[in-house]
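Using the working numbering, the letters of the sequence shown correspond one by one to residues 141 to 242.
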Amino acid sequence: MYAVIETGGKQYRVAPGESIEVETLTGDVGAEVEFDRVVAVIDGDAVRAGSALSSARVKGTIAAHGRGAKILVFKFKRKKQYKRTIGHRQNYTQVKVNEILA
Numbered sequence: 141m142y143a144v145i146e147t148g149g150k151q152y153r154v155a156p157g158e159s160i161e162v163e164t165l166t167g168d169v170g171a172e173v174e175f176d177r178v179v180a181v182i183d184g185d186a187v188r189a190g191s192a193l194s195s196a197r198v199k200g201t202i203a204a205h206g207r208g209a210k211i212l213v214f215k216f217k218r219k220k221q222y223k224r225t226i227g228h229r230q231n232y233t234q235v236k237v238n239e240i241l242a
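Structure representation (structure tokens):
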């Protein structure tokens, strides 16, 4: 059994026992989180989506907060002596999925 949830403007495929990295969530490490925006639940050949999932929930635990790898952005315009380097690191929250309530 797995589910597709939406959080932080992105969709994730999750199953019980998995760990996923999502956009930063409020809460301390060890806190329970609940995702109520469930797009679909797939159990074998049975697929449920849309209004049939109005009460579906995915529960998990915050495992860690962190920052991703540094991404370098390099801007360059030839013949103009223009060079600019910018770095960016995205924050994330690692969530361990405990159960899917459909």
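For each residue, glycine too, the CB sits at the ideal point set by N, CA and C.
{"Item": "Candidates G200, R229 and T147: closest to G208 by CA position", "Value": "R229"}
{"Item": "C-beta atoms of V173 and A196 nearer than 8 Å", "Value": "no"}
{"Item": "Where the beta strand (DSSP E) containing G167 begins and where it ends", "Value": "Premise fails: G167 is in no beta strand (DSSP E) and is neither H nor E."}
{"Item": "Bounding residues of the beta strand (DSSP E) (the contiguous stretch that carries E243)", "Value": "Given that the chain is displayed from residue 141 to residue 242, the structure contains no residue 243 and the question cannot be resolved."}
{"Item": "Inter-residue CB distance, R224 and K215 (contact presumed, cutoff 8 Å)", "Value": "4 Å"}
{"Item": "Contiguous beta strand (DSSP E) assignments of at least 3 residues, all confined to the region 177-229", "Value": "178-183, 186-189, 197-207, 211-217 and 222-228"}
{"Item": "Buried versus exposed call for Y152 [16 or more other C-beta atoms within 10 Å across all chains shown]", "Value": "buried"}
{"Item": "Proximity winner among I182, M141, A204 and T164, relative to A192 (alpha-carbon distances)", "Value": "I182"}
{"Item": "Buried versus exposed call for A155 [16 or more other C-beta atoms within 10 Å across all chains shown]", "Value": "exposed"}
{"Item": "First and last residue of the uninterrupted beta strand (DSSP E) at E239", "Value": "N231 to L241"}
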